[in-house]
């Protein structure tokens with residue numbers, strides 16, 4: 146239907162203006178800051194790309210970029226694999242399937258900052274839950290490599306259910322006739338999975354992948370309470386580094402440049418899949 | 017037949033194990049929160065209440081007596097509800113407009129607007145007076161739109177506008193922390209609930225628009241058309257018919273947005289340090305005591321987690337749709 150009236154602009158304008166005022170304007174503001182040396186109490190000095198160049202030679206920035214990439218890559222791959230496996234597992238006759246599915250939705254909206262704290266008590270090395278059950282002690286939070294893995298585990302706990310629920314919904318949307326038709330040709334479950342389930346799931350999986358990657362790049366809350374970026378800087382993710390640069394050292398120019406680099410990284414991922422996502426929304 | 021039965025049992029057991037592993041952290045938090053301080057560390061393993069220790073409510077009572085906690089609960093509640101309400105009030109009409117009307121903005125006109133705005137900001141930055149910069153920008157925009165705008169006909173559609181709103185969701189929040197901090201301090205809004213309400217509306221508005229647009233598209237259009245034929249105005253078709261039919265979707269959106277606002281941490285930490293302290297910030301403030309007062313952490317964890325988790329349960333049918341922005345129908 147193509148109705149036209151002045152009403153449509155009246156309806157859209159407040160939202161559009163809100164985004165312009167509170168998202169676009171701040172983004173332009175911080176783009177400006179990224180090209181300046183900002184010191185509180187002094188006037189800003191234009192320094193061109195110096196803040197950006199600094200990020201590429203700053204060991205801390207590079208370290209947090211690597212930490213973030215490991216977190217995003219490892220975490221998202223595990224979430225996707227587990228989520229799809231769980232969806233296949235739950236996509237069959239199970240007693241109390243509805244209830245079990247409901248339980249899996251619980252972590253999704255759990256306050257990340259609280260989840261970080263909760264897992265701090267779970268990973269706690271003396272008297273925590275996991276080491277209390279294991280016959281040996283794992284240095285969950287005191288060893289740099291384990292600490293990053295622990296942060297990933299928390300993200301996996303929280304977000305695998307998302308992959309699971311979305312994949313399950315997509316699986317249940319596949320008409321049964323496809324499998325019935327296929328069963329005339331082959332009874333091999335793997336063949337059916339390979340040639341029916343997987344191709345039909347593909348758009349959903351790509352969507353979930355993009356949403357998860359974009360979300361994982363933003364990670365801040367969980368390492369903030371679980372490890373506070375430590376030990377050392379082994380779990381200092383990029384957002385946290387940018388935040389500390391701005392808030393602890395009041396280096397707003399450099400902090401803004403760092404935030405923009407993260408924005409560009411997310412943008413690259415999203416643009417890479419842009420046409421596929423757009424199709425999904427039409 | 018027996019082979020199939022065994023397989024069914026194996027899969028059921030596997031599913032149960034998965035669910036139990038995922039439930040474990042909740043159980044642990046509950047178990048810690050009802051343990052006495054002395055037993056927080058001495059009780060090991062699964063820590064089964066009644067068997068390994070005598071449960072007590074003293075941690076809960078202690079925690080709820082602290083004015084700091086109740087104040088944070090009040091702050092979080094006010095901020096989440098107000099922000100969600102404003103989000104829906106602004107977002108729903110925009111979503112309806114994008115679902116039911118045709119927008120054909122011209123790319124060149126939009127680009128002229130952006131160019132003029134950037135020019136104005138640059139001019140102010142380099143010392144031009146604000147009124148002069150604004151007048152100049154307006155003149156530039158009119159000039160560009162009238163000359164270029166007529167020549168290039170390439171028009172954008174509703175999908176492009178929707179994608180523009182959707183793209184805000186991909187934005188790392190850290191990118192706007194510093195400007196928000198500076199803008200709010202210029203407006204003298206630091207450490208007020210209002211600043212956090214503004215922040216949460218900003219983050220949730222695109223979400224609400226994309227979800228509600230999909231909800232309106234999914235409604236049968238015939239009812240609204242019939243009303244229009246009967247002489248109802250577009251506004252009446254929206255309020256009397258579309259809004260009522262979309263009420264369940266609106267309720268679900270409200271719940272999801274409430275949970276997002278309740279959980280928001282980065283900006284609450286930046287802008288609300290004392291008077292406007294929310295539950296997540298209150299929790300983060302306990303960093304100094306971390307590792308020592310497990311019982312204390314457990315109660316706060318549950319206080320933070322329970323409201324959004326209940327919301328997740330209530331909005332369950334819409335969660336898949338919500339978290340994929342309407343792309344997958346759960």
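Chains as they are written, first to last, in this note's numbering: chain A, 146 to 427; chain B, 17 to 346.
Glycine included, C-beta positions come from ideal geometry on N, C-alpha and C.
Remember, predicted model here, so these are calculated numbers, not experimental data.
- For residue 282 of chain A, no Cβ of chain B is located within less than 8 angstroms of the residue's own Cβ.
- Of A:173, A:319, A:206, A:401, the smallest CA-CA separation from residue 344 of chain A is found for A:319.
- Comparing alpha carbon positions, the residue from B:135, B:278, B:231, B:276 closest to residue 258 of chain B is B:231.
- Around the beta carbon of residue 345 of chain B, fewer than 16 other beta carbons lie within 10 angstroms, which makes this residue exposed.
- Taking the Cβ atoms as the reference, residue 346 of chain A lies roughly 6 angstroms from residue 315 of chain A, within the contact range of under 8 angstroms.
- In this structure, residue 292 of chain B places its C-beta atom within 8 angstroms of the C-beta atom of residue 209 of chain B.
- At a Cβ-Cβ threshold of 8 angstroms, residue 287 of chain B and residue 215 of chain B count as neighbours.
- Within chain A, not a single residue places a beta-carbon under 9 angstroms from that of residue 69 of chain B; the smallest gap is close to 13 angstroms.
- Residues of the region 406-417 of chain A with a C-beta less than 9 angstroms from any C-beta of chain B: 407, 408, 410, 411, 412, 414, 415, listed in chain order.
- CA-to-CA, the gap between residue 292 of chain A and residue 270 of chain A works out to about 12 angstroms.
- Assignment of beta-bridge partners to residue 65 of chain B by DSSP yields B:69.
- Around the beta carbon of residue 202 of chain A, fewer than 16 other beta carbons sit within 10 angstroms, so the residue counts as exposed.
- Against residue 249 of chain A, the close residues of chain B are 35, 38, in the order they occur along the chain (beta-carbon pairs closer than 7 angstroms).
- Taking a cut-off of 8 angstroms on C-beta distances, the region 379-395 of chain A does not touch the region 39-55 of chain B, as fewer than three cross pairs fall below it.
- The Cβ of residue 214 of chain A sits no closer than 8 angstroms to any Cβ of chain B.
- Not a single unbroken stretch of the beta strand (DSSP E) spanning 3 or more residues falls wholly within the region 105-137 of chain B.
- With the rule of 3 Cβ pairs closer than 8 angstroms, the region 260-280 of chain B counts as touching the region 320-333 of chain B.
- Chain-ordered, the chain B residues with CB closer than 7 angstroms to the CB of residue 400 of chain A read 194.
- Residue contact check for residue 324 of chain A against chain B: no CB pair falls below 8 angstroms.
- Fewer than three pairs of CB atoms, one per stretch, sit closer than 8 angstroms, so the region 244-255 of chain B makes no contact with the region 312-326 of chain B.
- An exposed status is given to residue 201 of chain B, since fewer than 16 other beta-carbon atoms sit within 10 Å of its beta-carbon.
- A contact is defined here as three or more CB-CB pairs under 8 angstroms, and the region 209-218 of chain A meets this definition with respect to the region 382-389 of chain A.
- Around the beta carbon of residue 67 of chain B, fewer than 16 other beta carbons lie within 10 angstroms, which makes this residue exposed.
- If you look at residue 26 of chain B, you'll find it in the alpha helix (DSSP H) that goes 18-49.
- Collapsing the DSSP output to three states places residue 344 of chain B in coil.
- Approximately 5 angstroms separates the beta-carbon atoms of residue 285 of chain A and residue 295 of chain A; this is inside 8 angstroms, confirming the contact.
- Annotation: residue 76 of chain B has no Cβ neighbours in chain A at a cutoff of 7 angstroms; minimum Cβ distance is about 15 angstroms.
- Within chain A, 262, 266 have C-beta atoms less than 7 angstroms from the C-beta of residue 313 of chain B, given in sequence order.
- Annotation for residue 410 of chain A: 362 place their beta carbon closer than 7 angstroms to its own, counting only its chain and skipping 5 residues before and after.
- For residue 275 of chain A, the CB contacts under 8 angstroms within the same chain, skipping 5 residues up- and downstream, are 267, 268, 283, 285 in chain order.
- Exclusion of the five residues before and after residue 220 of chain B leaves 103, 273, 276 as the residues of its chain whose Cβ lies within less than 6 angstroms of its Cβ.
- Residue 357 of chain A and residue 221 of chain A have their alpha carbons spaced roughly 7 angstroms apart.
- Against chain B, the CB of residue 192 of chain A has no partner CB under 8 angstroms away; the residue lies outside that interface.
- The beta-carbon of residue 199 of chain A is placed no less than 8 angstroms from the nearest beta-carbon of chain B.
- Judged by beta-carbon spacing, residue 75 of chain B lies within the 8 angstroms limit of residue 49 of chain B, meaning their Cβ atoms are closer than that value.
- When Cβ-Cβ separations below 8 angstroms define contact, residue 404 of chain A makes contact with chain B.
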